[in-house]
Amino acid sequence: MKRILVIGSTGQIGSELTRELRKQYGNSNVVAGYIVGAEPKGELKECGPSEIADVTDGEMIANVVKKHNIDAIYNLAALLSVVAESKPKLAWKIGIDGLWNILEVARENNCQVFTPSSIGSFGLSTPHMKTPQDTIQRPLTIYGVSKVTTELLSDYYQKKYGTDTRSVRFPGIISYVTPPGGGTTDYAVDIYYSAVRGEKFVCPIKKGTMMDMMYMPDALRAAITIMEADPTRLIHHNGFNITAMSFAPETIYAEIKKLKPDFEMVYDVDPLKQSIAESWPDKMDDTCARREWGWAPNYDLRRMTIDMLHNLEIKLGKK
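Numbering (numbering that gives the first Met the number 0), first residue to last: 0 to 318.
Here's what the structure looks like:
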């Protein structure tokens, strides 16, 4: 049975991914890695092993890998887009210096490594519609720069050392379990909370701004499926385009209105978030992921909206 270390297990994606991995591989085989001050709580702490695993300390990571006989590392340590812009040096230290440590440990211990990339790895000069798998990447944010570097560095270790590195370019990820954490696409989570609470939603993204999105269950499945994919089928290894839906603020608003007729939305555009959003694709082409490892989403906007509202009503005590 594969033994897995999830670094960043208490983060926005990490907590849900750790739980899903434990369902599939067994609680004892998935280690929740965390940093001091962000310790696992509740089910995450009680249902399986956990260890301090700071990506900026390579020796610490190596010790955890050896102690638990780790076969695969999910490296989710990173600052999200808006947060990274306010702390660029820290974003690089965690995202790139930390990745170097992870890859060195993986090379020495023969581990698989998953380090997600993002739609943020593209820029204004990238084709925005049906963005190709292999295309120009000239992002203008430190988040985007670090994500391109992540893809290139992971490919380097794959080719030079044979380290089994794999990754996807995540679009915006929508979830009712974990709250938003400072991403440009977080409005698409906040809007559901406002709808369930009966509040008017103030949208920070301009009308007509298209971005790729995905529901969390699909994101988790993608992260697990790519790591189980037959390596002989993979032409690419890192930075696979994946998407499930693409919409603008008025589109998601209209879908929610079908179920919440009294829901209201107004616009108060955040210049930083808007500038980042405009540098990203409107819709990615994920043909390579579909062809090479069978990627296909289960949720579209309608199905996601029904599920999000239902679960948030339970979570917020509205049912």
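Glycine included, each C-beta is placed from N, C-alpha and C at the ideal position.
Length of the line joining the Cα atoms of residue i and residue j
i, j, result
"V81", "S117", "14 Å"
"A247", "L300", "11 Å"
"A105", "I95", "15 Å"
"D64", "I225", "The residue you asked about is not Asp; residue 64 is Val in the sequence shown. Cα to Cα, the separation comes out at about 21 Å."
"A194", "P270", "24 Å"
"Y298", "Y214", "7 Å"
"G7", "K314", "24 Å"
"E45", "H127", "44 Å"
"E84", "L20", "31 Å"
"Q136", "V147", "7 Å"
"I322", "G10", "Outside the displayed span of the chain (0 to 318) sits residue 322, for which this structure offers no information."
"K40", "G13", "13 Å"
"Y142", "Y266", "25 Å"
"L152", "K92", "14 Å"
"K88", "G171", "24 Å"
"K256", "L308", "11 Å"
"I51", "N68", "16 Å"
"V320", "L219", "Lying outside 0 to 318, the shown extent of the chain, residue 320 is not represented and no answer is given."
"T134", "S49", "39 Å"
"K372", "T286", "With the chain covering 0 to 318 only, the question about residue 372 has no answer from this structure."
"K259", "E198", "11 Å"
"M59", "M209", "41 Å"
Proximity of residue i and residue j at Cβ, strictly below 7 Å
i, j, result
"E150", "N237", "yes"
"E348", "R196", "Since the first residue shown for the chain is 0 and the last is 318, residue 348 is missing from the structure and cannot be characterised."
"R168", "F113", "no"
"M244", "M212", "yes"
"K159", "D284", "no"
"K282", "T183", "no"
"T162", "Y156", "yes"
"A31", "V5", "yes"
"E249", "T304", "no"
"I47", "V29", "Reading off the sequence shown, one finds Gly at residue 47, where the question assumed Ile. In contact: G47 and V29 (Cβ atoms closer than 7 Å)."
"K206", "V268", "no"
"G97", "A76", "yes"
"L311", "Y191", "yes"
"I275", "T140", "yes"
"P280", "D217", "no"
"I251", "A187", "yes"
"S145", "A90", "yes"
"K1", "Y33", "no"
Where residue i falls: helix, strand or coil (DSSP)
i, result
"T17", "helix"
"L4", "strand"
"N26", "helix"
"I12", "coil"
"Y155", "helix"
"I173", "strand"
"M307", "helix"
"S166", "coil"
"D211", "strand"
"K314", "helix"
Contact between the segment 120-128 and the segment 64-80 (3+ Cβ pairs under 8 Å): With a cut-off of 8 Å on Cβ pairs, the segment 120-128 is not in contact with the segment 64-80, counting fewer than three such pairs.
Restricting to runs no shorter than 3 residues, where is the beta strand (DSSP E) found entirely within the segment 261-301? Whole beta strand (DSSP E) segments, 3+ residues: 264-266.
I'd like the ranges of any beta strand (DSSP E) spanning at least 3 consecutive residues and lying wholly in the segment 93-152. Unbroken beta strand (DSSP E) runs of no fewer than 3 residues, entirely contained in the segment 93-152, are found at 111-113, 128-130, following chain order.
At what residue ranges does the segment 31-105 contain a whole run of the alpha helix (DSSP H), taking only runs of 4 or more? Scanning the segment 31-105 for uninterrupted alpha helix (DSSP H) segments of 4 residues or longer gives 41-45, 57-66, 80-85, 87-91, listed from N- to C-terminal end.
Can you check the segment 185-263 for any alpha helix (DSSP H) of at least 4 residues that lies completely inside it and give the ranges in chain order? Qualifying alpha helix (DSSP H) stretches, in chain order: 186-196, 215-227, 248-258.
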